[in-house]
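Q:
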DNA sequence: TCTTCCATTGAGATTGAGTCTCAATATAGT
DNA sequence: ACTATATTGAGACTCAATCTCAATGGAAGA
Ligand SMILES: [Zn+2]
Ligand SMILES: [Zn+2]
Ligand SMILES: [Zn+2]
Ligand SMILES: [Zn+2]
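Protein chains in written order, with the working numbering: chain E, 114 to 266; chain D, 114 to 266.
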């Protein structure tokens with residue numbers, strides 16, 4: 114269980130599992146999906162659990178180091194994290210007309226990525242594949258030019 | 114040619130192609146590969162071409178809007194851009210340690226995306242595939258735990 | 001040419017994420 | 001209790017990026 118993994122990392126370094134560190138760990142694992150440090154920090158302030166911003170960032174880094182949590186990417190609103198033992202991985206299509214988001218998963222694409230990483234001697238930790246375009250409802254009536262399938266689409 | 118494309122966007126909005134905007138356009142297109150706004154800004158200060166930081170950011174956004182330039186991703190050292198006019202499509206690996214960017218292209222992955230789009234009745238227009246991890250130099254000495262290839266990576 | 005209108009610019013202020021500093025506090029071992 | 005070290009948290013700080021707003025500049029008309 115995650116608390117033990119964290120404890121192990123700390124023990125290796127002669128550090129302690131403090132109230133704050135544990136609270137941050139619990140909070141991080143309370144999220145089903147993605148989260149960002151600021152939200153986590155603010156969310157904790159309501160509960161009995163309190164921790165400073167500094168501790169939140171410090172602890173999230175520790176959780177990354179022992180693989181309990183991963184940085185998913187950087188966006189306008191900061192770094193996105195997710196617990197790495199949790200949701201099944203998937204990628205996204207986003208309709209640029211209506212905003213609909215479609216999740217999908219392709220074993221073949223995942224394997225191909227792994228293969229390419231091996232070939233280029235790159236140690237992939239995570240990835241995002243985002244396809245932008247028009248969903249079923251938004252490309253309904255269309256005369257089919259829209260050329261430029263020259264590269265990608 | 115890129116200047117005309119840019120000019121067209123500006124005309125559509127009743128705006129002008131000023132010295133600064135043109136200088137920024139030229140500078141952006143002088144890069145073969147990736148660049149970041151701050152470097153571009155600093156690089157311009159030496160030449161006869163000068164523009165403020167504000168103008169650099171403003172103009173890069175415009176260049177994105179007319180597809181001459183693309184945001185590749187966000188790293189510790191800020192947003193990475195690249196010119197997209199005339200370059201062949203490719204995807205990216207980004208080293209989350211040193212920031213190195215590796216370009217790759219997989220016909221198979223591209224085709225699989227098209228197939229999935231057809232299956233889900235989604236009309237894909239473009240996409241980004243970004244793999245984050247550690248490049249050859251940054252994962253050199255490592256004791257190989259790191260299991261969990263269970264879902265993606 | 002002179003005038004008016006508005007896009008544009010740029011210096012500097014501002015925001016916001018994330019890190020750093022350091023005095024105060026907590027904990028373990030003696 | 002005493003010592004040594006780990007930890008915390010408020011706030012200062014950094015850096016990218018955006019915003020503000022007074023000053024500039026070009027275009028069209030009088
Ligand atoms: Zn995937
Ligand atoms: Zn999702
Ligand atoms: Zn691609
Ligand atoms: Zn590229």
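Where is the CB? At the ideal position from N, CA and C, for every residue including glycine. Remember, predicted model here, so these are calculated numbers, not experimental data.
Quick one: any contact between the region 162 to 179 of chain E and the region 206 to 222 of chain E, if contact means 3 or more CB pairs under 8 Å?
A: Output reads no: the region 206 to 222 of chain E does not touch the region 162 to 179 of chain E.
Q: Within the 8 Å Cβ cut-off, does residue 194(D) reach chain E?
A: For residue 194(D), the answer is no, since every Cβ of chain E falls outside 8 Å of its Cβ.
Q: Using a cut-off of 9 Å between C-beta atoms, extract the partners of residue 249(E) located in chain D.
A: Chain D residues near residue 249(E): 233, 234, 235 and 236.
Q: Could you please give me the residues that DSSP links to residue 243(D) through a beta bridge?
A: DSSP output for residue 243(D) lists 241(E) and 205(D) as bridge partner(s).
Q: Residue 235(D) by DSSP, collapsed to three states: which one?
A: It is coil, neither helix nor strand.
Q: Would residue 124(E) pass as an interface residue toward chain D - the criterion being a Cβ-Cβ separation below 8 Å?
A: It does not; no Cβ of chain D falls within 8 Å.
Q: Beta-carbon distances below 7 Å to any heavy atom of ligand 4 define the shell here; list its residues in chain order, please.
A: Cβ-based neighbours of ligand 4 within the cut-off: 146(D), 147(D), 185(D), 195(D), 203(D), 205(D), 214(D) and 216(D).
Q: Which residues mark the beginning and the end of the beta strand (DSSP E) in which residue 213(D) is found?
A: Premise fails: residue 213(D) is in no beta strand (DSSP E) and is neither H nor E.
Q: Rounded to a whole number of angstroms, what is the C-alpha to C-alpha distance between residue 220(E) and residue 137(D)?
A: Going by the C-alpha atoms only, they are around 42 Å apart.
Q: Please return the same chain residues whose Cβ sits closer than 7 Å to the Cβ of residue 123(E), not counting the five positions on each side in sequence.
A: So the qualifying residues of the chain are 129 and 130.
Q: Is residue 245(E) near residue 193(E), with beta carbons less than 8 Å apart?
A: No, these two residues do not count as a Cβ contact at 8 Å.
Q: Ignoring anything shorter than 4 residues, give me the alpha helix (DSSP H) runs that lie fully in the region 161 to 204 of chain D, in order along the chain.
A: Listed in chain order, the complete alpha helix (DSSP H) runs (minimum 4 residues) inside the region 161 to 204 of chain D are 166 to 178.
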